[in-house]
Amino acid sequence: MIDNWWSYRFKIDWSGKIEEVKWWVDIAIFDSVVRDILTQVHDKIRFWKIHRRAHDDDKGHVFTFLTCCEDELYESMDRMIRESAMHHKLEQEGLIIKYSSSEADPREIAEPYWPPEIQDSWSHYVMGASEMLLELVDSIKKRKAHLEPCASIQEIERYYVNLDTNLGQLWCNYGAHAFLHHLNALFRYVPVLVKF
Numbered sequence: 058m059i060d061n062w063w064s065y066r067f068k069i070d071w072s073g074k075i076e077e078v079k080w081w082v083d084i085a086i087f088d089s090v091v092r093d094i095l096t097q098v099h100d101k102i103r104f105w106k107i108h109r110r111a112h113d114d115d116k117g118h119v120f121t122f123l124t125c126c127e128d129e130l131y132e133s134m135d136r137m138i139r140e141s142a143m144h145h146k147l148e149q150e151g152l153i154i155k156y157s158s159s160e161a162d163p164r165e166i167a168e169p170y171w172p173p174e175i176q177d178s179w180s181h182y183v184m185g186a187s188e189m190l191l192e193l194v195d196s197i198k199k200r201k202a203h204l205e206p207c208a209s210i211q212e213i214e215r216y217y218v219n220l221d222t223n224l225g226q227l228w229c230n231y232g233a234h235a236f237l238h239h240l241n242a243l244f245r246y247v248p249v250l251v252k253f
């Protein structure tokens, strides 16, 4: 069987003002919906990654989960997402305004202007980064009170706003050394042009 890349997209409610992005919704989806899938079928997925974005354009705020797997598994995961309790809760509250899944656009997998060497190896890197983010979520959660399955949307928001804030603080305080410095060391400290 041939594995294909599949994209599961969650469009999040957003006013368009950068200070009003509900980043916590991404983490709620990641920690519950995506985690549940990975717990059940991780060994059948060749590669996976997440992508978070919020731009004042037609796409707006979108959380995307991408997997490289067989077609049958894609259909099963799509069903699992649609049946997820957290997905239902966020949708009922108007926080997820659209969910869709399809075969991934090649631009979602790697940037088309990258050289082939980077495109071919990117999946390994970004899956490792996504796995590390999930482990960081786990580590932070160990120090927090457990979120009850019957929690209200206000409790869910407080919980994940706090968790997302903690992730942001880790990145702000330690990202330059823990991530960028050590990545730079792999490339023998060759100067890099950083632009966003």
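Heads up: the sequence shown at position 60 corresponds to 117 in our numbering, and the numbers run straight through without jumps.
Idealized CB from N, CA, C, for every residue including glycine.
Check each candidate in S159, H181, K199 and I210 and name the one with the smallest Cα separation from N223.
Per the Cα distances, K199.
Cβ of K101 within 8 Å of Cβ of M184?
In this structure, M184 does not lie closer than 8 Å to K101 by Cβ.
Over the uninterrupted alpha helix (DSSP H) stretch that includes S72, give me the two end residues.
Taken as a continuous stretch (DSSP letters only), S72 belongs to no alpha helix (DSSP H), as it is neither H nor E.
Which ranges does the beta strand (DSSP E) cover as unbroken runs of at least 3 residues, wholly within the region 150-180, from first to last along the chain?
Qualifying beta strand (DSSP E) stretches, in chain order: 153-160.
Can you tell me the Cα-Cα spacing of R139 and F122, whole angstroms?
Using only the alpha carbons, I get a separation of about 13 Å.
Does the Cβ-Cβ distance between E165 and S89 come in under 8 Å?
In this structure, S89 does not lie closer than 8 Å to E165 by Cβ.
How big is the Cα-Cα spacing for G73 and D221?
One C-alpha to the other measures close to 20 Å.
With respect to the alpha helix (DSSP H) encompassing R215, which residues constitute its N-terminal and C-terminal limits?
Run containing R215: I210 to G232, per the alpha helix (DSSP H) assignment.
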